[in-house]
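Engineer: As given, the protein sequences belong to chains D and E, one line each in that order. Under this note's numbering, the residues of the first sequence are numbered 1 to 332, in order. Under this note's numbering, the residues of the second sequence are numbered 333 to 664, in order. Glycine included, each C-beta is placed from N, C-alpha and C at the ideal position.
There are 2 protein chains.
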Amino acid sequence: MTQPKLDVIAIGNAIIDVIGNCQDSLIDDLGLTHGGMQLIDADQARTLYAAMGPAREVSGGSAANTLAGLAALGAQCGFVGQVAADQLGEVFTHDIHAAGIEFSVPARAGETPTARCLIFVTPDGQRTMNTFLGASHLLSADMVDEAAIADAAVLYLEGYLWDPVEPRAAMRKAIAAARAAGRKIAFTPSESFIIDMHRLDFLELIEDGAIDLMFCNEHEMASLTGKPGFEDGIAQLGAKVDVLVVTRGAEGAVALQGGERVEVTAEPIDRVVDTTGAGDLFAAGFLYGHVRGKSLADSLRMGALCASEIISHYGARPECDLADFVEQRMGQ
Amino acid sequence: MTQPKLDVIAIGNAIIDVIGNCQDSLIDDLGLTHGGMQLIDADQARTLYAAMGPAREVSGGSAANTLAGLAALGAQCGFVGQVAADQLGEVFTHDIHAAGIEFSVPARAGETPTARCLIFVTPDGQRTMNTFLGASHLLSADMVDEAAIADAAVLYLEGYLWDPVEPRAAMRKAIAAARAAGRKIAFTPSESFIIDMHRLDFLELIEDGAIDLMFCNEHEMASLTGKPGFEDGIAQLGAKVDVLVVTRGAEGAVALQGGERVEVTAEPIDRVVDTTGAGDLFAAGFLYGHVRGKSLADSLRMGALCASEIISHYGARPECDLADFVEQRMGQ
């Protein structure tokens, strides 16, 4: 097996986050679930945007955020996702290129705009996400270059993209290419409601040994395994994948690999500004440690550090020199 | 004279700020002037954007930022400016409406996009701005509703828009409408290079008594008066306008009105993140005090407080409850 050119290639949603602050009462008035994520159509996007206060726009998308973290740490990365040929698509493309990530899927012409996620951030820093998928769910399997997949040590997939038909085919094609090349596959189911819709697919992938590294939070693990108890879930899922990383928000995280189990507490920070991307950047820090051959404990701590940086400001893309930030704190 | 419906109506650039961090060396490599502002064309915008790191998009525009501050403090405001019928135009329009500001100039169809300001922020928090004016400089006099101008206590004008021909005509029409209605006119020359291009116009407006409130920084005052000495400049300009507010960055600010002179030190803050909009928000705080009949000293302090909020984060639009922020600190 040749040395891969990239550390991680990811397939994910190409989204611009539109982030506005609000009081808890607005979440209730709009009938949203505090801390949740829902898919919305163009009409709902219009209504919710009109109800949102002044906002800021920052590139997002779960797997793309993870790559931005990985690249900031020093990893070589590639991204596969679909933007439209519009201004928000240009913004997404600029930001991913500026992060040093390879991205060559052509912008899609036509009426369907680039995906947007309307994110309401409450005073507790919790984010309530409303995603209009736009062009993002029109990613076709043709956009997956099997040679590029084979030339990355890890293929990273986000469950959010499993729901629409075309991207699912793209991901299945990529899984086959990665397995044929003997590469590792990392997967995050993204959300409990995605698991509810595609539990059988996900369990089949796990049973088939198609997933080497699984990233999820405790709720997703419970949904996936059907076991409400944390230890029961860990035992079941940990036996099926090579590496399991389960985040527990403010409670920290747990990682299992080959019988080894390590835990980390959440990194203390002055103020939680916006939790958007916490899980994405946790995955970034962990994966960076993993591909660089760090210990399980060190990889987990790098995940916790990256998550702490991202929740200290608005937006799910790193704002500081993340490599320096992590290096300074790893010694402590 | 009837009671006006609005406190302040402003004519200004309708711009989306694209804010990226960089090292000082990039400013040098790109041949930019650290802390400066330049107008760029579409080709330069492409080149500079390609050189910029990952960015965040936040609504901007000098006078629009001032209005956002005023509205956040509780003033009734209206804006006149030109966006294109594109996604960035929608973002600008959303943000200004979400701030509670009246804005009804229709988005302009056609090839010319909404204005963008590419802002490079160095580690010292200084911003280096590169503005592609796009649709913004196509604001025509037809878009100025004289009845709306007459129905605002203060007309606020930014010098940035004096350069392009059509907006200048729009501003002259608005000045005439405000004077005819007996309203006050506030003006900021915006930048020294704008003064260099239009010094005679500005001096004529001042001599004609068309400017009641003048907002500038010490460099702009020196350029306008031709007097390098601060006290000389203050003496000359202060004699020509009813109210003069001169900001001096970290040195604080000075205000003169009817023989009274007050000074304020810059509000101490933990870290200067991004100075973009400091002058705009200083004007917002001062103007709010002015239209609410506060003392000259209190108005000046409100300006300093608003400026301190805006430089503590990226972007030139307030991120906290500005009214609460100012009220809490005014008592101290």
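(1) Quick one: does Asn-21(D) have its CB under 9 Å from some CB of chain E?
(2) Quick check on the DSSP output: what are the complete beta strand (DSSP E) runs of length 3 or more inside the stretch 340-372 of chain E, in order along the chain?
(3) Would you mind reading off the limits of the beta strand (DSSP E) that contains Ser-59(D)?
(4) Rounded to a whole number of angstroms, what is the C-alpha to C-alpha distance between Asp-360(E) and Tyr-381(E)?
(5) If we require 4 or more residues per run, which alpha helix (DSSP H) segments fall completely within the stretch 229-253 of chain D?
(6) Quick one: does Arg-593(E) have its CB under 9 Å from some CB of chain D?
(7) Interface residues of chain E around Met-221(D) at Cβ under 8 Å?
(8) Grouping DSSP H, G and I as helix and E and B as strand, with all else coil, what is Val-476(E)?
(9) How many angstroms separate the CA atom of Leu-157(D) from the CA atom of Phe-202(D)?
(10) Decide if Ser-25(D) is buried, meaning its Cβ has at least 16 other Cβ atoms within 10 Å, or exposed.
(11) Does the beta-carbon of Arg-317(D) have 16 or more other beta-carbons within 10 angstroms, so that it is buried, or is it exposed?
(12) Please go through the stretch 579-652 of chain E and give each complete beta strand (DSSP E) segment of 3 or more residues, from N-terminal end onward.
(13) Name, going along the chain, the residues of the stretch 417-442 of chain E whose beta-carbon falls closer than 7 Å to a beta-carbon of chain D.
(14) Here's the rule: buried if 16 or more other CB atoms are within 10 angstroms of the residue's CB, otherwise exposed. What is Ala-396(D)?
(15) Which residues in chain D sit within 9 Å of Gly-385(E), going by Cβ to Cβ distance?
(16) Are the beta-carbon atoms of Arg-580(E) and Val-573(E) separated by less than 9 Å?
(17) Give me whichever residues DSSP pairs with Lys-505(E) in a beta bridge.
(18) What whole-angstrom Cβ distance do Ile-599(E) and Ala-636(E) have, given they're in contact under 8 Å?
(19) Can you check DSSP and say which residues form a bridge with Gly-410(E)?
(20) Applying the 10 Å Cβ sphere with the 16-neighbour rule, what's the burial state of Ser-436(E)?
(21) Excluding five sequence neighbours on each side, which residues of the same chain lie with their C-beta closer than 6 Å to the C-beta of Asp-196(D)?
(22) Going along the chain, which residues of the stretch 642-662 of chain E sit with their C-beta nearer than 7 Å to a C-beta in chain D?
(23) State whether the stretch 157-175 of chain D contacts the stretch 67-78 of chain D, with contact taken as three or more CB pairs (one from each stretch) at a distance under 8 Å.
(24) Could one say the Cβ of Ala-50(D) lies closer than 9 Å to chain E's Cβ atoms, at least one of them?
(25) Between Cys-77(D), Thr-66(D), Ile-9(D) and Leu-118(D), which lies nearest to Thr-47(D) when the distance is taken from Cα to Cα?
(26) Just curious, the beta strand (DSSP E) that Met-214(D) is in, first and last residue?
(27) Rounded to whole angstroms, what is the Cα-Cα separation between Gln-3(D) and Gly-60(D)?
(28) According to a CB-to-CB cut-off of less than 8 Å, which residues of the stretch 53-71 of chain D neighbour chain E?
(29) Ignore the nearest five residues each way along the sequence and tell me which others in Ala-148(D)'s own chain have a CB closer than 7 Å to its CB.
(30) Suppose you measure from the CA of Gln-458(E) to the CA of Val-415(E); what does that come to, to the nearest Å?
(31) Can you tell me which of the three DSSP states Arg-440(E) falls into?
(32) When you compare only the Cα positions, how much space is there between Phe-92(D) and Ala-64(D)?
(33) Taking only the alpha-carbon atoms, compute the straight-line gap between Val-594(E) and Met-546(E) and give it to the nearest angstrom.
(34) Whose CA, out of Tyr-314(D), Leu-6(D) and Val-272(D), lies closest to the CA of Ala-153(D)?
(35) If we call anything under 9 Å between Cβ atoms a contact, is Glu-146(D) one with Lys-184(D)?
(36) Taking only the alpha-carbon atoms, compute the straight-line gap between Gly-279(D) and Glu-231(D) and give it to the nearest angstrom.
Structural biologist: Reading it off the structure:
(1) Judged by the 9 Å Cβ criterion, Asn-21(D) is in contact with chain E.
(2) The DSSP assignment places complete beta strand (DSSP E) segments of no fewer than 3 residues inside the stretch 340-372 of chain E at 347-353 and 369-371, in order along the chain.
(3) Element bounds for Ser-59(D): 55-59.
(4) In this structure, the alpha-carbon of Asp-360(E) lies about 16 Å from that of Tyr-381(E).
(5) For the stretch 229-253 of chain D, the continuous alpha helix (DSSP H) assignments of 4+ residues that do not extend past its boundaries occur at 230-238, in sequence order.
(6) Taking CB atoms only, Arg-593(E) has no neighbour in chain D less than 9 Å away.
(7) What Met-221(D) touches in chain E: nothing, since even the nearest Cβ is about 31 Å away.
(8) Correct three-state label for Val-476(E): coil.
(9) Between the alpha carbons of Leu-157(D) and Phe-202(D) lies a distance of about 12 Å.
(10) Ser-25(D) comes out exposed.
(11) Looking at its Cβ environment, which holds 16 or more other Cβ atoms inside 10 Å, Arg-317(D) is buried.
(12) Counting only runs of 3 or more, we get 585-589 and 592-596.
(13) Result list: Asp-418, Gln-419, Leu-420, Val-423, His-426, Asp-427, Ala-430 and Ala-431.
(14) Given that chain D is displayed from residue 1 to residue 332, the structure contains no residue 396(D) and the question cannot be resolved.
(15) The contacting residues are Asp-95, Ala-98 and Ala-99.
(16) Cβ atoms of Arg-580(E) and Val-573(E): not closer than 9 Å.
(17) DSSP output for Lys-505(E) lists no bridge partner at all.
(18) Residue identity check: residue 599(E) is Glu in the sequence provided, not Ile. Between Ala-636(E) and Glu-599(E) the Cβ distance is about 5 Å, and since that is below 8 Å, they are a contact.
(19) DSSP output for Gly-410(E) lists Ile-341(E) and Glu-434(E) as bridge partner(s).
(20) It is exposed - the Cβ of Ser-436(E) has fewer than 16 other Cβ atoms within 10 Å.
(21) Beyond the five residues adjoining it in sequence on each side, Asp-196(D) comes within less than 6 Å, by CB distance, of no other residue in the same chain.
(22) Listed by position along the chain: Gly-647 and Arg-649.
(23) The stretch 157-175 of chain D, when compared against the stretch 67-78 of chain D, does not touch it at the 8 Å Cβ threshold.
(24) It does: the Cβ of Ala-50(D) has a partner Cβ on chain E nearer than 9 Å.
(25) Taking only the C-alpha atoms, the option nearest Thr-47(D) is Leu-118(D).
(26) Start and end: 213-217.
(27) Cα atoms of Gln-3(D) and Gly-60(D): separation of roughly 30 Å, rounded to the nearest angstrom.
(28) Only those residues of the stretch 53-71 of chain D whose C-beta falls short of 8 Å from the nearest C-beta of chain E are listed: Gly-53, Pro-54, Ala-55, Arg-56, Glu-57, Val-58, Ser-59 and Ala-68.
(29) Counting only Cβ-Cβ distances below 7 Å, and skipping sequence neighbours, we find Ile-9 and Gly-78.
(30) Going from the Cα of Gln-458(E) to the Cα of Val-415(E) covers about 27 Å.
(31) If DSSP states are grouped into helix, strand and coil, Arg-440(E) belongs with the strands.
(32) Straight-line measurement puts the Cα of Ala-64(D) at about 10 Å from the Cα of Phe-92(D).
(33) Spanning the two alpha carbons is a distance of roughly 15 Å.
(34) Nearest C-alpha to Ala-153(D): Leu-6(D).
(35) Going by C-beta atoms, Glu-146(D) is not nearer than 9 Å to Lys-184(D).
(36) Approximately 20 Å between the Cα atoms of the pair.
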